[in-house]
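Each residue of the sequence shown is one higher than the one before, starting from 1260 at the first, in this note's numbering. Positions of the beta carbon are idealized from the N, C-alpha and C atoms, including for glycine. Notes to accompany the following structure.
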Amino acid sequence: MIFQDPNFSYNLLRTMGHTVYGGADIGECLATASRIEDGNYEQWYAEWRKTSDRLRHHADESMNNGNAISARQAYLRASNYYRNAEFFLHSNPSDPRILETWRQSESCFRNAAKLSELPIEPVEITYEKTTLPGYFYRCTLDTQPRPTIIFFPGFDSTLEELHFFGAAAAVMQGYHCLTFAGPGQGAVIRQQGLSFRPDWENVLAPVVDYLQARCDVDAQSLILFGQSFGGLLAIRAAAYDHRFSACIFHGGMFDMYESFLELFPPDLRSKIANSDDTAIDFIVGNVMESVPGAKARLGHGFYVMGTTSAAETVAKLRQFTLEDIANQVTCPTLVIDGAEDSLLPNQGQKLFDRLTCSKDYLLFSAEDGAAEHCQIGALALCHEKLFNWLKKYI
1260 MIFQDPNFSY
1270 NLLRTMGHTV
1280 YGGADIGECL
1290 ATASRIEDGN
1300 YEQWYAEWRK
1310 TSDRLRHHAD
1320 ESMNNGNAIS
1330 ARQAYLRASN
1340 YYRNAEFFLH
1350 SNPSDPRILE
1360 TWRQSESCFR
1370 NAAKLSELPI
1380 EPVEITYEKT
1390 TLPGYFYRCT
1400 LDTQPRPTII
1410 FFPGFDSTLE
1420 ELHFFGAAAA
1430 VMQGYHCLTF
1440 AGPGQGAVIR
1450 QQGLSFRPDW
1460 ENVLAPVVDY
1470 LQARCDVDAQ
1480 SLILFGQSFG
1490 GLLAIRAAAY
1500 DHRFSACIFH
1510 GGMFDMYESF
1520 LELFPPDLRS
1530 KIANSDDTAI
1540 DFIVGNVMES
1550 VPGAKARLGH
1560 GFYVMGTTSA
1570 AETVAKLRQF
1580 TLEDIANQVT
1590 CPTLVIDGAE
1600 DSLLPNQGQK
1610 LFDRLTCSKD
1620 YLLFSAEDGA
1630 AEHCQIGALA
1640 LCHEKLFNWL
1650 KKYI
């Protein structure tokens, strides 16, 4: 596309891809991208921030003029653009722009949610000694119990971005949807400082309890939807908690440590795998300083894993695997993969081969225009096929 930097290219397509659900306007995205020097991460923040601020002002003006429809549309796009502005800041967790910009994204989304034709209800779910934030989407105005999709972010998404990645589509298809952020994600890492944990079944359990207590949820028709790293977490939860009627693994990973090694050239992979902590810190540190974009990408990993060194991060990543776990899933499962997924190559096939439950494998090709990681840029096609599959079981 416009950028040679793969991080910029992917995230521009990701942001533009939300156009189908009102999260972007192509002209706005291209105009913003044209002002950014390839590989200049400070410019990335500055220019997306300018676009976000301008749109928020436009949304506020629309609201003051009594035009709720225009306000809702602009707030949605501003929320997505603020998210995109903040995306590469995490190599410095103390950067004050992280929390401030994320709060702008959340605020814009909540403003849009208040103006939604169908209810989007902010919720707080009891979790250990705190709460997890979420949104409950209703597909109708009545209170009849409905099949409900549970959807949470992956490695680098936010709660609000899930509106575009699947919640809006679920409502259109006749499902209620609960989105929530867990440890390592969205508000939970940014405001509470809680990092990812491998035993995701203990995160999901109170979420399912919450849904089963709602009168508008069909407790016998709960669907678990995990995307990217969230796919691994979803399968892990479904292996230990059998209250789900179906599970969707969308562009997910089978083994986090293995996926981490894929970020490095083959010679460095073997060195990292066979080195002590001091050597790992040296190797990864050198890559972060010398390879364009590596500091932003790997720094985010330190941030969400709650680690301060490469060696500590590697040790924690080894805990996130579906080996000897995937075969415990009992509900029907859909594995969605992209033929040109450069971020998590071959991970979907590895999971599919190890599942022993009723299962289907959906592979998107370049001809579909949907071969990228998590089918960014082709979400409409992905969701059409995903919900066609789900109709067989719900």
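Which one or two residues does DSSP pair with residue 1501 in a beta bridge?
-> The residue given as residue 1501 occupies position 242 in the sequence shown. In the DSSP output, where bridge partners are listed per residue, residue 1501 has none listed.
On a CA-only basis, which of 1466, 1559 and 1591 is nearest residue 1504? Give me that one, please.
-> Here residue 1504 corresponds to residue number 245 of the sequence shown, with the count starting at 1. Considering only alpha carbons, the answer is 1591.
Per-residue DSSP class, three states only, for residue 1492 = Along the sequence shown, read from residue 1 onward, the residue named residue 1492 stands at position 233. Three-state DSSP puts residue 1492 in a helix.
Ends of the beta strand (DSSP E) at residue 1357?
-> Indexing the sequence shown from 1 puts residue 1357 at position 98. Element bounds for residue 1357: not the beta strand (DSSP E) but the alpha helix (DSSP H), 1355-1373.
What first and last residue would you give for the alpha helix (DSSP H) that runs through residue 1549?
-> The count along the sequence shown starts at 1 and reaches residue 1549 at position 290. Its alpha helix (DSSP H) spans residues 1536-1549.
Do you know offhand how far residue 1599's Cα is from residue 1556's?
-> Within the sequence shown, the letter at position 340 stands for residue 1599. Within the sequence shown, the letter at position 297 stands for residue 1556. Cα-Cα distance, rounded: 20 Å.
Quick one: what's got a C-beta closer than 7 Å to residue 1380's C-beta in the same chain, skipping five residues either side?
-> The count along the sequence shown starts at 1 and reaches residue 1380 at position 121. Closer than 7 Å at Cβ, skipping near neighbours: 1394 and 1395.
Report the rounded CA-to-CA distance for residue 1552 versus residue 1534, giving the unit in angstroms.
-> As a first step, residue 1552 must be located in the sequence shown, where it is residue number 293. As a first step, residue 1534 must be located in the sequence shown, where it is residue number 275. Those two C-alpha atoms are separated by around 24 Å.
Identify whether residue 1525 lies in helix, strand or coil by the three-state DSSP scheme.
-> Indexing the sequence shown from 1 puts residue 1525 at position 266. Helix at residue 1525.
Comparing alpha-carbon positions, which option in 1517, 1313, 1438 and 1372 lies nearest residue 1607?
-> Counting from one through the sequence shown, the residue named residue 1607 turns up at place 348. Of all alpha-carbon atoms in 1517, 1313, 1438 and 1372, the one lying nearest the alpha-carbon of residue 1607 is that of 1517.
In chain order, what residues of the same chain lie with their CB nearer than 6 Å to the CB of residue 1331, ignoring the 5 residues before and after it?
-> What you label residue 1331 is simply residue 72 of the sequence shown in a count that begins at 1. Counting only Cβ-Cβ distances below 6 Å, and skipping sequence neighbours, we find 1371 and 1374.
Cross-strand partners of residue 1435 (DSSP beta bridge) = On the sequence shown, position 176 is the one that residue 1435 refers to. For residue 1435, which the question treats as bridged, DSSP gives the partners 1407.
With 16 other Cβ atoms within 10 Å as the buried cut-off, status of residue 1433 = Numbered from 1 along the sequence shown, position 174 holds the residue referred to as residue 1433. It counts as exposed.
Thinking C-alpha only, which one of 1341, 1279 and 1321 is nearest residue 1309?
-> Locating residue 1309 in the sequence shown gives position 50, counting from the first residue. When only C-alpha atoms are compared, the closest one is 1341.
Going by the beta-carbon positions, is the gap between residue 1365 and residue 1357 smaller than 8 Å?
-> Within the sequence shown, the letter at position 106 stands for residue 1365. Within the sequence shown, the letter at position 98 stands for residue 1357. Not closer than 8 Å, so no.
If you draw a straight line from the alpha carbon of residue 1582 to that of residue 1514, how long is it in whole angstroms?
-> The count along the sequence shown starts at 1 and reaches residue 1582 at position 323. The count along the sequence shown starts at 1 and reaches residue 1514 at position 255. Rounded to the nearest angstrom, the two C-alpha atoms are 8 Å apart.
Shortest alpha-carbon distance to residue 1574 belongs to which of 1283, 1496, 1547 and 1531?
-> Position 315 of the sequence shown, counted from the first residue, corresponds to residue 1574. Checking every option, the nearest Cα to that of residue 1574 belongs to 1531.
Is residue 1494 near residue 1610, with beta carbons less than 8 Å apart?
-> What you label residue 1494 is simply residue 235 of the sequence shown in a count that begins at 1. What you label residue 1610 is simply residue 351 of the sequence shown in a count that begins at 1. A contact, by the Cβ cut-off of 8 Å.
In the structure shown, what three-state DSSP assignment does residue 1395 receive?
-> As a working mapping, residue 1395 is identified with position 136 in the sequence shown. Residue state, collapsed to three classes: strand.
Contact check, residue 1418 vs residue 1398, beta carbons under 8 Å = Residue mapping note: residue 1418 aligns to position 159 of the sequence shown, counting from 1. Residue mapping note: residue 1398 aligns to position 139 of the sequence shown, counting from 1. Cβ atoms of residue 1418 and residue 1398: not closer than 8 Å.
Is it buried or exposed for residue 1328, if we count other Cβ within 10 angstroms and need 16 for buried?
-> Here the question's residue 1328 lines up with position 69 in the sequence shown. In summary, residue 1328 is exposed, with fewer than 16 beta-carbon neighbours lying within 10 Å of its beta-carbon over all protein chains present.
Check the DSSP bridge columns for residue 1597 and list the partner residues they point to.
-> Looking up residue 1597 in the sequence shown gives position 338. Its beta-bridge partners are 1623.
The beta strand (DSSP E) with residue 1477 in it runs from where to where?
-> In the sequence shown, counting from the first residue as 1, residue 1477 sits at position 218. Where residue 1477 is concerned, the enclosing beta strand (DSSP E) stretches over 1476-1486.
Do you know whose CA, among 1426, 1489, 1472 and 1424, lies nearest residue 1456's CA?
-> Taking the sequence shown and counting its residues from 1, the one referred to as residue 1456 is at position 197. Residue 1489 is the option with its Cα nearest to residue 1456.
Output the distance between the C-alpha atoms of residue 1653 and residue 1405, rounded to the nearest integer angstrom.
-> The count along the sequence shown starts at 1 and reaches residue 1653 at position 394. The count along the sequence shown starts at 1 and reaches residue 1405 at position 146. Looking at the two C-alpha atoms, the distance is approximately 10 Å.
Whole alpha helix (DSSP H) elements within the segment 1299-1325, 4-residue minimum | Qualifying alpha helix (DSSP H) stretches, in chain order: 1300-1323.
Which one of 1597, 1411, 1265 and 1626 has the shortest CA to CA distance from residue 1467?
-> Counting from one through the sequence shown, the residue named residue 1467 turns up at place 208. That would be 1411, whose Cα lies nearest to the Cα of residue 1467.
Can you tell which of 1572, 1425 and 1391 has its C-alpha closest to the C-alpha of residue 1407?
-> For this step, residue 1407 is matched to residue 148 along the sequence shown. With distances taken between Cα atoms, residue 1407 lies closest to 1425.
So what does residue 1508 bridge to, in DSSP terms?
-> Taking the first residue of the sequence shown as 1, we reach residue 1508 at position 249. Residue 1508 is bridged to 1485 and 1594.
Nearest-angstrom beta carbon gap, residue 1539 and residue 1645 [assumed within contact, 8 Å] = As a first step, residue 1645 must be located in the sequence shown, where it is residue number 386. As a first step, residue 1539 must be located in the sequence shown, where it is residue number 280. Between residue 1539 and residue 1645 the Cβ distance is about 38 Å, and since that is not below 8 Å, they are no contact.
So residue 1635 and residue 1369 are in contact, right, with Cβ under 8 Å, and what is the actual spacing, rounded?
-> Numbered from its first residue, the sequence shown carries residue 1635 at position 376. Numbered from its first residue, the sequence shown carries residue 1369 at position 110. Actually they are not in contact, since the Cβ atoms of residue 1635 and residue 1369 sit about 25 Å apart, beyond 8 Å.
For residue 1293, which residues of its own chain have a beta-carbon under 8 Å away from its beta-carbon, when the five flanking residues on both sides are left out?
-> One-based indexing of the sequence shown puts residue 1293 at position 34. Counting only Cβ-Cβ distances below 8 Å, and skipping sequence neighbours, we find 1261.
If we count the other Cβ atoms within 10 Å of its Cβ and call it buried at 16 or more, is residue 1510 buried or exposed?
-> Taking the first residue of the sequence shown as position 1, residue 1510 is located at position 251. Counting C-beta atoms within 10 angstroms of its own C-beta, residue 1510 has 16 or more neighbours from the protein chains shown and is therefore classed as buried.
Name the residue from 1265, 1333 and 1301 whose alpha carbon lies nearest to the alpha carbon of residue 1287.
-> Within the sequence shown, residue 1287 is the residue found at index 28, counting from 1. Of the listed residues, the one whose Cα sits closest to residue 1287 is 1333.
Once you ignore the five residues that flank residue 1454 on each side, which residues in its own chain have a CB closer than 7 Å to its CB?
-> Numbered from 1 along the sequence shown, position 195 holds the residue referred to as residue 1454. Excluding residues within five positions, the ones whose Cβ falls inside 7 Å are 1442, 1443, 1448, 1563, 1564 and 1565.
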